[in-house]
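Notes follow the structure.
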Amino acid sequence: FFQLPSFVNGNAHLPSFHLFIVYINIMASLEIEPENELRFKLSEEEQTPRCTMTLTHPGGTDEALAFKVKTTQPRRYLVRPNQGLIKPGGSETIQILLVEKDKQALMQSFQRLGQSALDHSKDKFLVQSCAVSQQFASQYDDAGTGYDALSTMWTSVTAAGSRTTVSNKKLHVKHVVSDVSIPRSSTASPLRPHEPTSAQTLESMSPEQLLSEVATLRRKYDELVGFSVNL
Numbered sequence: 018f019f020q021l022p023s024f025v026n027g028n029a030h031l032p033s034f035h036l037f038i039v040y041i042n043i044m045a046s047l048e049i050e051p052e053n054e055l056r057f058k059l060s061e062e063e064q065t066p067r068c069t070m071t072l073t074h075p076g077g078t079d080e081a082l083a084f085k086v087k088t089t090q091p092r093r094y095l096v097r098p099n100q101g102l103i104k105p106g107g108s109e110t111i112q113i114l115l116v117e118k119d120k121q122a123l124m125q126s127f128q129r130l131g132q133s134a135l136d137h138s139k140d141k142f143l144v145q146s147c148a149v150s151q152q153f154a155s156q157y158d159d160a161g162t163g164y165d166a167l168s169t170m171w172t173s174v175t176a177a178g179s180r181t182t183v184s185n186k187k188l189h190v191k192h193v194v195s196d197v198s199i200p201r202s203s204t205a206s207p208l209r210p211h212e213p214t215s216a217q218t219l220e221s222m223s224p225e226q227l228l229s230e231v232a233t234l235r236r237k238y239d240e241l242v243g244f245s246v247n248l
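Under our numbering, the first residue of the sequence shown is numbered 18, with each subsequent residue one higher.
Rendered as structure tokens:
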């Protein structure tokens, strides 16, 4: 559907690019690879782990498909591009980066508790797509403000009461630590009890070292309690 021109003093006045109703009401789903799960391989060598997702227009229609990628953890992942248009028969590769701070936190959890600490991640991604008119697709290519127009379009089609057909595909996230990147001592049983410090060692410790030892024991205890609660 398109917004009809208005008439001012008998002259037709076409709406601006931003005001076009640019979507059409047909089912339009992109082919997504991988299909169900995004896997991030964590290692000490790679500062910002990443994975790729390929979106492909399946054909069968002359209309371009608009896409938008969302995540439940927008501060943890960088998605480029996070929206765009794909023409019939075309494809787009999406780069997803895990920020270094969160990677380090996940690595520390792995070193304490093993792979079980990373399993059953609640992080998810959502890929939305819908068909747009050929006129909007051609103007999107030519307009320097195409990204803003696409953002406005998505706000419109996902609003309550919209009759536009939007395809939604959810993907789960899996974090896996490369064995090569973890020292052998760190891959031992994560729930191994803390080895008690001998009396002789305690006697030779300074007050600062004793406080550090107590803090270490307390942290290990809290980790074990937290892990048990989440079982």
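Glycine is no exception: its CB is placed at the ideal position from the N, C-alpha and C atoms.
Around the C-beta of D79, fewer than 16 other C-beta atoms lie within 10 Å, and the residue is accordingly described as exposed. Sequence-distant partners of K141 (beyond 5 residues in either direction) whose C-beta falls short of 8 angstroms from its own C-beta, in its chain, are T88, T89, K187, L188, H189 and V190. If you check the CB distance, Q100 and L47 do not come in under 8 angstroms.
Counting along the chain, G106 sits inside no beta strand (DSSP E), nor does DSSP assign it H or E at all. Of the residues S150, L102 and Q145, the one whose Cα lies closest to the Cα of Y164 is L102. Counting the other CB atoms within 10 Å of its CB gives D136 a total below 16, which places it among the exposed residues. A residue is called buried when at least 16 other Cβ atoms come within 10 angstroms of its Cβ; S146 meets this threshold and is buried. Setting aside the 5 residues that flank it on each side, N185 is surrounded in the same chain by L143, V144 and Q145, each with a C-beta closer than 8 angstroms to its C-beta; the list follows chain order.
Boundaries of the alpha helix (DSSP H) around Q128: E117 to L130. Where V174 is concerned, the enclosing alpha helix (DSSP H) starts and stops at G163 to V174. In this structure, the beta-carbon distance from I111 to T69 falls below 8 angstroms.
Within the stretch 40-79, the complete beta strand (DSSP E) segments at least 3 residues long are 48-50, 54-59 and 67-73, listed from N- to C-terminus. In the DSSP assignment, the residues bridged to T88 are F142. Under the DSSP assignment, V149 falls outside any beta strand (DSSP E); it carries neither an H nor an E label. DSSP, reduced to helix, strand and coil, places V183 outside both helices and strands of the structure shown, so it counts as coil. Using a Cβ distance threshold of 8 angstroms, V193 and R56 count as a contacting pair. L72 is positioned such that its CB atom lies no closer than 8 angstroms to that of P66. Close CB contacts of I49 within its chain, under the 7 angstroms cut and outside five residues either way in sequence, are with M70, L72, V144 and K186 (chain order). A81 is not bridged by DSSP to any residue. The beta carbon of S126 sits closer than 6 angstroms to those of A134, all from its chain and outside the five residues before and after it, given in chain order. Beta bridge pairing from DSSP links H192 with F57.
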